[in-house]
Every structure is written in C-alpha cells, then in structure tokens.
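Here is the structure we will look at, set down as structure tokens.
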C-alpha cells in the first residue's frame, strides 16, 4: 500500500469510526495501529453504552450527545450492543439534592427514566443494598468494545479501506509545512515502509502528543488512569450506577458472563507501563461494596487499567481528571499550527465515537473539497443473523453458544454454521467459558477474515476466548493449536505466542489481592511448569 | 442471589468433575458436569438463554460433588438447570409420573394384581413402554397389595426410631420394610413409620422443583414432632437418606422457618447401616447371629458414597459368622433412580453398569447385596443374580420367628 | 477398634498424603485417608525433580530423600503405576508443548520418552481429538533435539479410531474409558498402532490407554503392538493423572486404608494440646473421625494451620505444600519426602516432626 488519500493513526474505536465514515463517503483511507485494535482506552474501559445520566447534572451537552448516540448505536450496531438497561441508585447517605437534580436533568435532556421504589428496585436487582432510598431506570447498555471497533474496521475494509495492525508509525513526512505521508514499522518483521497521503489524522488517544510531535505540533493530552475490576460472574442484570457526583467505583457493568466495577482517576505521565497499586484496589472494592454489597464475597478475576486521553487546553490545565470536559476536540493543525493536511481528534468517550468520526470526516471532506454528507447514523455496521440461521444453528450448538456467537458475529454467524454443517467436528467448543466453537476460531483465523489475527490475544479480543475464570490457561493452548493447524503460525511461532499470551494474562490476575484467584493461578502455574514446561531449554548431559 | 452453598466462584475449571462423571465416559455427546453446572450458572446470571435438554442426562449421582477439590456444589447447580428445563410432549408426561412414585405407588398397590399382570405380560408391557418411553428391556418392579403402613410400627422400645421407608420399600418391597422394623425393634427401638410422602428426590431429579418442595414441606411437618420428642429418623434407602440429610439441609431460607426445621430433620437422619454400626461399636447391637455361610458381593450405592459414612454394612455383615463379603469396585451401577427406566437413557445406564456387572460375575457370589432399591433392580437386570438389601441378610441371621 | 477410630488420619489426597498414608499403613497402623477431591498431581505430569533439592530452602537431608524416594518407587511399582528413575538420574521427558522437561523420576511410560537412546519416534495423534496435534508436538520435539545435537527424528501421524456416527469429536477421557470397557475398541487401537510400530522404536501418544489400566495392561498393549509407548499427560482432564490416582487409591484400599474422599475437614478436634481427630463436613451432620495422630497434607491453600492450637499440637504433623514454599519444580519431591517422613514418624507416637 503505497499511496492513499488519508492515513489514520490509532486503531481504537475513534480511528475505526473515522475509517468507516470516510469509506462511506468514498474516500480511500489507511488505518495504522501499532498493536491490535482497541489497544488504548477503547479496549480498557467498562464497555458502557452511556445513557447520558452520568453527565446530566454537570454537562447537559455531553448528556444530550450520549442519549442521541446511544439510540443510534443500538440501531446500527445492534448485535454488538447488549441492551440490558441500567439503573441509577440513590444509596442511603448520598446527597438527595443531587438525585433531584439528576432526575430533573434527565427530563430536560430527554433521557427516559422511571422512578422505582426501594422494593421495586430490589425486586429487579436483589443484590442492591437493602436500605437504598430509591432508584431510577435509564437506557444504559453494554457494548462489546472489540466487536464495535472490529465492525467499523471490517465494514470499512469491505468498502476498500485498509487496516494494518502491528504497524507503528515512526514518522510523519512533511514537504515544508505540508504533510506528504507517514513512515511506519511492521513490528513483526521489523521492516520499515512508507505511505504517501494528503491527510494524516492523529486519532491515537493517549499517544496523541507523541504522534503530534512527529509533525512538530503540540497536542495537550493528559493521560488519566482508571482501574477496573472484573468479577467472575454477573451480580446484576443491568448496569448499576450510583446516583451521586461522579467519583470512583460508582458503576457496575455486566459484560458477558462477568461484571466490571470501575473506576478511578489518577493522572499518569503516559499511556503505557500502567500499574494499579494495591491501595487503589482496596479503595475501589470498599466503594463498590457500598453499591453492591455481595461484591465483598465475589471472586475477583482480573484487574486491568487504561489511560483516558483527556484534552486539556491551557484554559483548564489545572482541573482534575473528572472536571475536564469529556467532550472531544477536533484540532485542525492547518489553522492552529500552519501544518497543512494534519489534524488531531482528542478526548471524547466511547459512546460518542461516531460523532467524533463524523466531525473528523466532515473536516477531511472540507479539506479535500468533497461534498459528501455523513450517513454513519443510518448504515448498519453489522446485520443480525436471520431467524433461519439461528434455527439452523440449534442443530449444532447449545442455545447459550448461539446467542453469544450471534452477538459477536452478527450475520456472519451464517458462515460459522455453514462451516459446521460441512464439517461437524467444528462444532466442538474450544473456550467453555465463552462458548467459542472451533468454527468461529477458524473464521477468525482464516484468510477471509478482513482484519487478520496475529497473536492469541488478538483471537481473544475477537472471540472473548480466555476472558473467563481460567483466563486462557486451557483455551489459549487450543487457540494456539488452531492457529498452527490453519497454517498461520509455525510451531516455533505458535509456542512463543502462547507463552507471551499467558504472560500477559498473568499480569492482570497477579494484581488480585486476595486468595480466590490465587488458586486458579496456582493451577495455571502448575500447568505452565509441568505439562507445558515453559521457559526451560534443557541442557543435555550425555550421560544417562 | 443464594450462593452460600453453591460455591460458584470456587470453580477453577480443573475438570476433576468431568473426570468423575460416569455419563461422560460412556456418552461422549454429553456436555458434562462442568458445562451443565458452574459454566451454565454463569450464563444464567448473564441472562443468556441457556436451557438445554442435556440437563436431563445428569444422573444426580453426586460423583462430581465428591471429586471437586474446591467444594463447588456441582450437582445442585445442574439441578437448577433441570428445574428450569422446559419439557413437552410424552417425555414431559412420563417424567411427571416418574416424579411422583408415591402417587404411582398408591394407585398401583390398590390394584396390585392388575398392575403386576400388566407390567409382566409382554404385549401390555411393550405397549406401556413404547407409549411412555420406558425402556422396553426392563422388567418393572412388582407392587405389593399390602404396602407398608403406619400400623406396621411397633410401640414398645426404650429408644425411638422414625422409619422413613421411601416409596420403593413401601410399595414394592414392604415385607423387607417389615424386616427392618423388626431389626430395629430387636435392638431396643420403638419404631414409628412415616406417612407416605416421597422424599422428593425423584421430583428434583425430573426437574419438578415445586413437587419436590411440596414433599419437603409435608415431610418436615410430619417428622418435626417425633424428632423433637427424641426420635431419630432412619432410612433404609440410601437415596432417601441423602435427600433427608443433604437436600433438606440446604434449603434457601425464606423467613418462614421451613429451612431451619428441615435442617433439624437433616441433622437427625441416620442411614440404617450407620445406626446399627454405631450400636455395634458401642457394644449395644444384638449379635446373636446364626451362622450364615454365604458369599456375598456388595455394591456401594452412589448416594451412600455421597453421605460419607463409609461402608457400614460391610462391617455389620462381617459380624455374622460364615459370611464372606467383598465390595465390588465400580463407579456406579448406572440406574440412577428413574434414569435407567427411560428409553433414551437405557443404553447409557447399561454401559455405565458394565464395569459393576463384570466385576460381580467375576467374583461368583451366591447373592449381591446393596442398600438402594433401584441399584437392586439394575444389578438383577444386568447379572441375573439374586439381589438383597443387606438388612434382609441380617434379619435372616437373627433367625427371627414371627 | 470402633468404626471411626484410627491410629492415623491423613488429610489430603495429593502425593504427600498418599505417600504418608502408604508409609503409615506399611508400619501396621490403621489409617484413614480423608480428602476433598484429589490432589493437584492429577492435573500435571506428576514427575519428580530432585536435583538441587538440598540447596533449596527445604532442609531435607540426602539420606532422608533417598529413603523416601526408594519407598515411593516401591509403592508405585506395587500399585501398578511404576515410576522409573532415581536420585542421581536425569532424564528428559516430552510434553504436549513439544518441549523436554528434565526430571529425576517419572512414570514409567514418560520415562521412555527421553530422546537419547531412541532414534525414530512417531508422535501419534487421533483424528478428531483436537487438543493434541501430533505434527505440532513432533515438529517442536525435533527442533529441541536438533538444538541439543541429537540425531532423532520425530514424525507426526494421525490415526483414526472407531467413533459412533453421532459423535463428531473425541476427547482423551472418552477414549480412555473405551479402552477400559470395550475389547473391540482396544483391538481397533492395536490395529491402528501396529503398522506404525514397524518403523519406530517409540510411539508417543496422548494419555488414552485407560483410566483403570495397570502397568501390566499397558505392557501387554506394548507387546502386542510391538513398540514402546510414551503416553503424554494432556491438558486436564488428563487420563494419565487419573489413572495414577486410581491405582494408588486402589492399592491403599487393598492394604486396608480407609479412604473417604469428597468431604472437607470442618475442623480438627483438640483436647488440651492433643489433637483427637477431625470433623468431616458430611451431609446432615459432621462425621467425627478419631485418630491418635493426624497428618496434614492438605495443600498450600489449606486453612487448617490457622489454628495456633493445631500448629502446636504434638500429634499433628504437616507435609507437602501446606508446610511452605519451595521452588515449583521441587514441589512433588518435597511432597513425597515429607509425606514419607510424616507417615513413618507418626508411627512413633509423640514425636514432633521438625518443620522446615
């Protein structure tokens, strides 16, 4: 790929959204991402599809955007969205005035809510504290961040766009003060290459400043770290929010068969090398228990963290992480810095990624003098599988597997089922915690996959394999074999990948403070040491 | 959400439960206890449609529970799936009746001669089997015209026993039940017989949670009084024993006192062998046995193993001069109560029992003893040998003259 | 003795508990082995690495290690699940990752897998068993051999075994069960492997040769097939681990040990500074086991040592990972040595075990 119109840097949901929007307007673009999709904030958040309730008191504009996008995403990305609804709960002792303002705010902004008495709320969610004051329903949901990002990229690629993962941008080429292209390095081969283009879009989130510096431009992004705790099973049926001024550990989101509690807000120097100190974990747990008391006994599977990229223009440079607006900023570096063909899109949140894409694509059209309007609010990203495919699937897969695969694959479930019909052994379940079949694995690994897989972690993001209690110890091995059998990886590469994958999975679990996950880790460790025998190359003694 | 006893979070996916499951070993399509138990529960809590007919293939043998190093109550998790499973058609109708052996027993015993004729006369047996999806190869047990009644109890005695015979002994082998009463009486017990309410295990096993709860309530109400008055509950069927000790011990508490009352029942239940061996150890069991030279093969029912009381009958029968008795090592006989009666499960049942049948035949015993009524049926069917309840052997050794 | 009275109660059915029970039993004591589920050795390869044990912070003397290992070799041989190897020996055993692990002792079948001394090995996969890829294992083993300057060749071959038409995939567990129960299946297995044996001096299989097989059974199969067989422990549930457990349990039971697996220990019963036994969490009400001495082999996550009284009791000994940490590769060795010592020592009642 030597020449294109637009290069987008950053394969999070924002970059992916821009790619899709541009492709619908007939503009050719290449998206470069240094790791796998959703490596930054996109892949390290709750996956909450906001109703806007969280912002309704302090930032009505942001809230309006949220509810509007919420409804659009439920339409265009239907299979990726788990429309479970949400609740805002008035926990006894919290400020009742805020709750009133909240309810009023929702009315004004247009977020549909219904007031629930304590008993009604407890009936719907038995794990709430028994002494809550009241609660409100709201149209929160859960969205699979990887599938959403993937859907945008795949849909764009099917319209001629290009996506390259594991391709780190090393430089932006300029002819004087005009962008002419980018240089990048393939992290697998180490080879460098370059692409000519007219426009470069910096959609790299927490890395925005580093990328902007390649064009000699400053983009003030502050990295703000949030920690998230994943629990082994769902304790609620819907999203549960604490109805008070946004703070730590006030949201619990069901996320497939696990649930995620978050989050915190700590300024960090950059988006990488993040760790979560034990005190922070204890603090989050303590707060979480106030919202959902049974969290105290629930098994903590994993702790992960990511950096929110907050746009901090000089005027609000002194503000704390949550006070900085969660609105986004589109920076046209031609007008602000005199660099033609370079723009940065920063800030924002998952729920409004499409708007960020729209604003950016609008500006691109303006620059390229193309007169095409945005239609991403109308064109579906993923179609649902038809009733017939779902019925066909029943012959081969358990009900739970069908539902989960459908959410991941949408209409491509037909391909998975078709492959099983031709070769029934592909119905074997490889990851039991997320019910991933061999057929789905092969689809993801196969050449027809528009966004190729390069590591076992990549497989995990596309299928949720390894997201359950064993955290990939059993299924990671099988995924490796699938890659090997599909001629994706040599034996050596496959082994290395498994070791890297399991090391990665180890990190988040090793942070878990108490004994519960320790037993799982101990089992994993035994396997690594014996049946897998990693890390050891034997020295032969020619005796014996 | 009631999780105290289920221990869902303890599961580390080690598959020790799958390794212990007899069904998995003979029927590869069966998803197994890990998938139907803890995995399925996570999906239920996720809100994913997870009903599957496979839950009906779980035998309820509890081997998964015993094998789990982390105390996950696997079989109870699967039972939740059974309770949720929607059945229809003839299988649903069949399972409705299989869930109610007390009702079937009452009806059959009032017309015992006719019932037994129908079940033994080939054409009608075949017709019934095919209509009701009962395994045609099985011969169904005889019903007695004189089932065990409360009147069969004896009032004289220094200690009090409340005999819970269970539906099989009550309706199919009441004479054996009377022998149990006599055994207890001989050893100083006044014996009261419980009213005819099923323990509830067949209902639970067939997914009828409401019927199971109804049995629990009636039994607790009937047994509370005698237990408070110092009676110990005695079961001679190991499945009834497990039901009273295990299932009744962990009812979700609804604030109506039922759970606490049921727990008291559980804490005062003894398996007959368990009770008698305690007497033996205390030197209080009558040991005036006549020599009974017999070679006996012993099979330990799964629900005996899950009670955790060892093999009391091995010790008891070894106290009878002349008896040579060995336990035949096997995982499970395969009958699993009503399970093996079902046409679609018959082959699984027989494949599982194969190890036991072969082991028994290789031992060449005069007879086989086992405490569970349906194990008795299965061993009879699989070996053609005479199968007795160990209490019958002990009774014969006492040479009781009535 | 009464029903629930024993000389020694061993808690935990791992390698340390089993060794302890066997040692105590051999000395003539009446032993009960109680456990909630099997030990972790069932999940792994159950190999033993003794090298460097004295340098590890475990304080076990060479003499003690020798005696314990010697006992363990006798035990496993008598139980029909023999180990090979010794304190001074080192062998390379293959794994399902296609690596070699260097160990001092291993189950007989695995011990045969050392690449030195064989020239042509065939790694045999089973069609429709997805989680064992013969090509992968063969390829990796070849690479490691080359690294070590060995001239072996490994090739991967897949054989087909009988399956019912409704069954689209197989697992090692199911195959193991078929091998136990079904003579014609065994015949088919032999027929599939015989041709491969003609041109090889070792067949490497995933663990499938029966859950209840003894060494003699496996030996017979090898004789008929005409080649040595190395069975690799697979990712759990691993047939080899289960077989080892069943053989050891069977042996202990035959020697008179009462085995009660499936119930947690609620607590240890104390009377003054003596432990009088334990309460098992059985349905209905707990079952009290009375014992003259108690051996805790309950694993590293056991809560039983949280009670000070238990820790100080003169007649409670600990062994295995409940005692403390050592290098992971020494875990099984420490388990066996400390288990043996505990079993021998409890027979001299009143002796306090010197904890590491």
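Residue numbers (the numbering used here), protein chains in the order written: chain A, 87 to 630; chain B, 685 to 1086; chain C, 8 to 363. Note that CB positions come from ideal geometry on N, CA and C, so glycine has one too.
Check                                                                                                                                   : Outcome
Neighbourhood of residue 339 of chain C by C-beta distance below 6 Å, restricted to the same chain and skipping five residues each side : 22, 55
Any C-beta of chain B under 8 Å from that of residue 209 of chain A                                                                     : no
Nearest-angstrom Cα separation, counted from residue 476 of chain A out to residue 360 of chain A                                       : 42 Å
Buried or exposed (CB count within 10 angstroms, at least 16 for buried), residue 249 of chain A                                        : buried
Chain C within 8 Å of residue 702 of chain B, Cβ atoms only                                                                             : yes
Residue 287 of chain C burial status per 10 Å Cβ neighbour count (16 or more: buried)                                                   : buried
Cutoff 8 Å: residue 228 of chain A Cβ touching any chain B Cβ                                                                           : no
Neighbour flag for residue 48 of chain C against chain B, beta carbons, 8 Å                                                             : no
Proximity test, Cβ basis, 8 Å: residue 290 of chain C and chain B                                                                       : yes
Chain C within 8 Å of residue 527 of chain A, Cβ atoms only                                                                             : no
Under 8 Å by beta carbon: chain C residues contacting residue 615 of chain A                                                            : 51, 335, 336
Contacts of residue 755 of chain B in chain C (Cβ-Cβ under 7 Å)                                                                         : 43, 271
Partners in chain B for residue 485 of chain A, counting only beta-carbon separations shorter than 7 Å                                  : 733, 734, 735, 736
Counterpart residues of residue 847 of chain B in DSSP-defined beta bridges                                                             : B:877, B:918
Identified DSSP bridge partners for residue 286 of chain C                                                                              : C:274, C:295
Secondary structure of residue 473 of chain A, DSSP reduced to three states                                                             : helix
Residue 325 of chain C in three-state terms, based on DSSP                                                                              : strand
Span separating the alpha-carbon of residue 233 of chain C from that of residue 207 of chain C                                          : 10 Å
Alpha-carbon spacing of residue 809 of chain B relative to residue 921 of chain B, whole angstroms                                      : 27 Å
Straight-line gap, residue 839 of chain B to residue 1022 of chain B (C-alpha atoms, nearest Å)                                         : 34 Å
Inter-residue spacing [alpha-carbon to alpha-carbon] between residue 117 of chain C and residue 49 of chain C                           : 15 Å
Simplified DSSP assignment, three categories, for residue 74 of chain C                                                                 : helix
Residues near residue 536 of chain A in its chain [Cβ-Cβ closer than 6 Å; skip 5 each side]                                             : 240, 243
Extent of the continuous alpha helix (DSSP H) to which residue 852 of chain B belongs                                                   : First-last for residue 852 of chain B: undefined, no H or E at that position.
Inter-stretch contact (C-beta, 8 Å, three-pair minimum) for the stretch 219-239 of chain A and the stretch 163-181 of chain A           : yes
Min CB distance residue 697 of chain B to chain A below 8 Å                                                                             : yes
Chain C within 8 Å of residue 619 of chain A, Cβ atoms only                                                                             : yes
Residue 533 of chain A classed as buried or exposed, judged by whether at least 16 other C-beta atoms fall within 10 angstroms          : exposed
Residue 978 of chain B - partner residues in DSSP beta bridges                                                                          : B:1007
Neighbour-count burial assignment, residue 757 of chain B, 16 or more Cβ in a 10 Å radius                                               : buried
C-alpha distance - residue 457 of chain A paired with residue 286 of chain A, whole-angstrom precision                                  : 19 Å
Inter-residue Cα distance where the pair is residue 40 of chain C and residue 716 of chain B                                            : 28 Å
Straight-line gap, residue 358 of chain C to residue 322 of chain C (C-alpha atoms, nearest Å)                                          : Bear in mind that a pLDDT of 37 at residue 358 of chain C, under 50, signals an unreliable position, so the number given afterwards is only what the model happens to contain. So the alpha carbons of these two residues sit roughly 7 Å apart.
Alpha-carbon to alpha-carbon, residue 325 of chain C and residue 595 of chain A                                                         : 29 Å
Contact with chain C by residue 387 of chain A, beta-carbon distance below 8 Å                                                          : no
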